[in-house]
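Trainee: Starting off with a structure, shown below.
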Amino acid sequence: MTNETKIKERQREHNRVKLGKIMQCLCSGGQTRVDEMVPSSKSVAVQDYSASVYSSQAGETERKPDTGNIEEAETSLRESGCLNYEEARALLGRYEYQKGNLEAALHVFEGIDIAAVTPKMKITLAARGETHKRRLQNYSTPPMSIHAVSLLLESIFLKAKSFQALGRYKEAAQSCSVILDIVESSLPAGLPENFGADCKLQETLTKAVELLPELWKLVESPRESILSYRRALLHQWNLDALTIAKIQKEFAVFLLYSGDETIPPNLRSQIDSSFVPKNNIEEAVLLLIILLRKASLMKIELDTSILDHLTYALSISGGLRALANQLEELLPGVLDRRERYDILALCHHSEGDDLDALDCWEKLLKSHSDSTYLQGLLFASKICGESSKHIEDGISFARRAVEGSHGRCDQLAGVANCMLGISLSVKSGSVLSDSERVERQSEALTAFETAGRMTKLNDPVSVHQLCLQYAEQRKLDSALHYAKCLVKLEGGSNLKGWILLARILSADKRYLDAETIINAALYQTGVWDQGELLRTKAKLQIAQGLMKEAIETFSRLLAVLQVQSKSFTSEKEKDRRKHNKNLEMETWHDLASIYTSLSQWHDAEICLSKSKAISTFCASRLHTSGLLDEAKGQHKEALKAYELALEVDPTHVPSLVSKATVLRKIGCLSPAIIRSFLTEALRHDRTNSSAWYNLGLLYKDGGSSLAPEAAECFKAAAFLEETAPVEHFR
3 MTNETKIKER QREHNRVKLG KIMQCLCSGG QTRVDEMVPS SKSVAVQDYS
53 ASVYSSQAGE TERKPDTGNI EEAETSLRES GCLNYEEARA LLGRYEYQKG
103 NLEAALHVFE GIDIAAVTPK MKITLAARGE THKRRLQNYS TPPMSIHAVS
153 LLLESIFLKA KSFQALGRYK EAAQSCSVIL DIVESSLPAG LPENFGADCK
203 LQETLTKAVE LLPELWKLVE SPRESILSYR RALLHQWNLD ALTIAKIQKE
253 FAVFLLYSGD ETIPPNLRSQ IDSSFVPKNN IEEAVLLLII LLRKASLMKI
303 ELDTSILDHL TYALSISGGL RALANQLEEL LPGVLDRRER YDILALCHHS
353 EGDDLDALDC WEKLLKSHSD STYLQGLLFA SKICGESSKH IEDGISFARR
403 AVEGSHGRCD QLAGVANCML GISLSVKSGS VLSDSERVER QSEALTAFET
453 AGRMTKLNDP VSVHQLCLQY AEQRKLDSAL HYAKCLVKLE GGSNLKGWIL
503 LARILSADKR YLDAETIINA ALYQTGVWDQ GELLRTKAKL QIAQGLMKEA
553 IETFSRLLAV LQVQSKSFTS EKEKDRRKHN KNLEMETWHD LASIYTSLSQ
603 WHDAEICLSK SKAISTFCAS RLHTSGLLDE AKGQHKEALK AYELALEVDP
653 THVPSLVSKA TVLRKIGCLS PAIIRSFLTE ALRHDRTNSS AWYNLGLLYK
703 DGGSSLAPEA AECFKAAAFL EETAPVEHFR
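One rule links them: number in the working numbering = place in the sequence shown (from 1) + 2.
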């Protein structure tokens, strides 16, 4: 044992001496005899290397090579008994790279004939990758040691890094690709576990896999970058979990924001019926969900930016319900409680599940620490303010938001007051007491004025609500002022502002000015968005008695809707299709009403049949059909149509008023029952002039004792009729 140790020690010392001579030669630029250095026909001395590079460093203190370099070279010497030309250049190049002499390092690396040694490297890697049993059956010795292969692959990587540092990105990417090509073709099934653990091969390979996509980005070749990312993730490179997660995140971010749409991946190993992304967004979502799943299983630490990117990706692709499902699967503690409920609520809200969203915000706001969370209070009040069922909660949330906004920025305080105004306005429409209704309306107007003052009339929502409030209270001068402010604030980009301005002008009986506004909006609006504008224009023409022009405008509107119905086919356009269907139905009803007023019964019936083909059960269609029957003198058929309309929608105000009118004409029920239909209509719409007028007639029929009530009703009806817009302000 002692003799063997001494022999090994002498051999080790001999190799150190030989390596020392080689390194001294390589680093000084001098030469030694070929047979002393390498048993090869090639000279390892870098005879083609410029002596001026070294002479310029003669006065500098030479930095010693890393111990790791010498030990690796010594390992190669022990295994092969020699250090060949390519390995020597690889060592010298690494030495120069570590000193920062990039040009010199690059010159040395380019002297390595990679094409010549590639077959040997592939054979060595393939042999190394074989199973133990197969290696025992194969008695042939690989042409290179694994340490030599590792050294050469590292030289290619450092060559790529040198190119990168010198701004030669395409050459860097091509050089980096060589490493992956060699390893991938040698081991097509992937690297076995612990492959290259005894040398720097795995480290070099990991760095190359990470670097290649970044280099193609610098080349501004998004297609090659994406292919490099897919290659990194689909081939078995023995990367650790953190490295894979890093690549997945960087790839997802690049897919989302690169601005270049590439072909979908062609997964060779995909399972039948497995999901294959069809575009960049789907592929990014898949990667981010995988990362989120890893975080939920505690395989990696959760990076909150993953949720940010996933939220963005799913919001633009209409898949926030999927994000909600992913969040609900996260284990408690992975995500902050407030952030979890907040994102969940926003997901539900964006998908139209307002009750689920409200439930999330209520759970959040019940906590003492989050009870004053302003964003939650504002959203909760917004949802409640859109439903009369939860209106009291909406007022409560809005008041808490107003209190919580004190001392904060005026913009937030303005939004809080706006939400309070909306809730109070909705509440005023559902109360029975006139005094309470007036009080709520006054509070709402005060809240909107406060919101406008705090936001300096720079918030379109606050200005729009303020305008509506004045319009519904028939303060038309103030409403007109704020409507003009709204159109100016939005730069004419929002159709709601144009339409509201035209309706306010129509309430002031300025029909020509209103039509001019609509024409200006039509001129600035694309064909796809002209539907509501055309309908308002037709209503203005009807108000002026221009029936023929109104029919032409409605026909133009139907043509636009017909073209749109063939264009909006995707799932994301479902809401737009639904809106267009409703608009088409109402247009047929408007046309039927025109033909009814012109006593063109057949044309009116055709229009109603067109509407019925869209939707069988529609209160508006049944009401229009009742008006047609009533115009023909068929009161019983009209009454039946109104009753059917109320079965479909018990709160349909025109049907309530029309039913009461027909019942009064035929005199088959007591005045109290007829009055109940009219008061129910006014409960839902206090501005319906026809309901007030018919209620006045009913009181008039009751005798002189009810004359004051009749007078009040007639007065209200006259005022509302005089200030009625061609369409409701909302």
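For each residue, glycine too, the CB sits at the ideal point set by N, CA and C.
1. To the nearest angstrom, how far is the alpha carbon of Gly354 from that of Gly321?
2. What are the uninterrupted segments assigned as alpha helix (DSSP H) that are 4 or more residues long and contained completely in the region 446 to 526, given in chain order?
3. Where does Trp239 sit, in a helix, a strand or coil, going by DSSP?
4. What would DSSP say about Asp262, mapped onto helix, strand or coil?
5. Which same chain residues, not among the five before or five after Ile676, have their C-beta less than 8 Å away from its C-beta?
6. Secondary structure at Leu299, three-state DSSP: helix, strand or coil?
7. For His730, which residues in the same chain have their Cβ closer than 7 Å to its Cβ, ignoring the five residues on either side in sequence?
8. Relative to the C-alpha of Ser319, which candidate in Ile291, Glu284, Ile345, Asp305 has its C-alpha closest?
9. I'd like the span of the alpha helix (DSSP H) that includes Met123, first residue to last.
10. If you follow the alpha helix (DSSP H) that Cys609 is in, where does it begin and where does it stop?
11. With 16 other CB atoms within 10 Å as the buried threshold, where does His134 fall?
12. Decide if the region 706 to 722 is in contact with the region 492 to 503; the criterion is three or more beta carbon pairs, one per stretch, under 8 Å apart.
13. Which value, in whole angstroms, describes the spacing of the CA atoms of Val728 and His625?
14. Are the region 162 to 182 and the region 216 to 224 touching, with three or more C-beta to C-beta distances below 8 Å?
15. Exposed or buried, Ile668, counting other C-beta atoms within 10 Å across all chains shown (16 or more means buried)?
16. If you check the beta carbons only, do Leu507 and Leu536 fall under 8 Å apart?
17. Decide yes or no for the touch test of the region 478 to 487 against the region 433 to 448: beta carbon pairs closer than 8 Å, at least 3 of them.
18. Could you pull out every residue in the same chain whose Cβ sits closer than 6 Å to the Cβ of Val180, ignoring the five residues on either side in sequence?
19. For Ser672, which residues in the same chain have their Cβ closer than 6 Å to its Cβ, ignoring the five residues on either side in sequence?
20. Mapping DSSP to helix, strand and coil, what is Lys280?
21. Between Asp262 and the rest of its own chain, which residues show a CB-CB distance below 6 Å, the 5 nearest in sequence each way excluded?
22. Could you tell me if Thr538 is buried or exposed, where buried requires 16 or more neighbouring beta carbons within 10 angstroms of its beta carbon?
23. Please tell me whether Ala326 and Ala286 are closer than 8 Å, where the distance is taken between their beta carbons.
24. Please report how far the alpha carbon of Phe679 lies from the alpha carbon of Trp694, in whole angstroms.
25. Just checking my contact of Leu337 with Leu367 at CB under 8 Å: how many whole Å lie between their CB atoms?
26. Beta-carbon within less than 7 Å of His350's beta-carbon, same chain only, minus the 5 sequence neighbours each way: which residues are those?
27. How many Å lie between Ala516 and Ser613 at the Cα?
28. Whole angstroms is fine: what's the gap from Leu722's alpha carbon to Lys580's?
29. Less than 8 Å between the C-beta atoms of Thr313 and Ile291, yes or no?
30. Run through DSSP, which three-state label would Ala712 get?
31. If you draw a straight line from the alpha carbon of Tyr513 to that of Asn696, how long is it in whole angstroms?
32. Any idea what DSSP makes of Asn327, helix, strand or coil?
33. Quick test of your reading: Phe111 and Leu160, contact by CB under 8 Å. State the CB separation rounded to the nearest angstrom.
34. Taking Cβ positions, are Leu217 and Cys178 nearer each other than 8 Å?
35. Assuming Ala621 contacts His654 under a Cβ cut-off of 8 Å, what Cβ separation, rounded to an integer in Å, is found between them?
Mentor: Straight from the coordinates:
1. In a straight line, the C-alpha of Gly354 is about 12 Å away from that of Gly321.
2. Runs of the alpha helix (DSSP H) inside the region 446 to 526: 462 to 474, 478 to 492, 497 to 509, 513 to 526.
3. Note: Trp239 maps to coil in three-state DSSP.
4. Residue state, collapsed to three classes: coil.
5. For Ile676, where only same-chain residues beyond five positions count, the Cβ hits under 8 Å are Ala662, Leu665, Arg666, Leu700.
6. The DSSP-derived three-state label of Leu299 is coil.
7. For His730, same chain residues with a beta-carbon under 7 Å away, outside a window of 5 residues either side, do not exist.
8. The residue from Ile291, Glu284, Ile345, Asp305 with its alpha-carbon nearest to that of Ser319 is Glu284.
9. That run of the alpha helix (DSSP H) goes 116 to 131.
10. Element bounds for Cys609: 603 to 616.
11. With a pLDDT of only 40 at His134, under the threshold of 50, the placement of this residue in the model should not be trusted; the figure read from the coordinates follows. Classification of His134: exposed, given that the 10 Å Cβ count is below 16.
12. These segments do not touch.
13. Cα to Cα, Val728 sits roughly 18 Å from His625.
14. The region 162 to 182 vs the region 216 to 224: in contact.
15. Around the beta carbon of Ile668, fewer than 16 other beta carbons lie within 10 angstroms, which makes this residue exposed.
16. Not a contact, by the Cβ cut-off of 8 Å.
17. The region 478 to 487 vs the region 433 to 448: no contact.
18. The residues are Ile158.
19. Taken in chain order, the list of residues that qualify is empty.
20. In the structure shown, Lys280 sits in coil (DSSP, three-state: anything other than H, G, I, E or B).
21. So the qualifying residues of the chain are Pro224.
22. It is buried - the Cβ of Thr538 has at least 16 other Cβ atoms within 10 Å.
23. Taking 8 Å as the cut-off, the Cβ atoms of Ala326 and Ala286 do not count as close.
24. For the pair Phe679 and Trp694, the Cα-to-Cα distance works out to about 12 Å.
25. Contact flag wrong, Cβ pair sits at about 18 Å.
26. The beta carbon of His350 lies closer than 7 Å to those of Ala326, Asp358, Ala359, Cys362 in the same chain, with the five residues before and after it left out.
27. Taking the straight line from one Cα to the other gives about 28 Å.
28. Straight across, the Cα-Cα distance linking Leu722 with Lys580 is about 32 Å.
29. No.
30. DSSP places Ala712 in helix when its eight states are reduced to three.
31. Approximately 27 Å, taken between the alpha carbons.
32. DSSP, read as helix, strand or coil, puts Asn327 in helix.
33. Between Phe111 and Leu160, the beta carbon gap of about 7 Å places them in contact (Cβ cut-off 8 Å).
34. Yes.
35. Rounded to the nearest angstrom, the Cβ distance from Ala621 to His654 is 4 Å, consistent with a contact under 8 Å.
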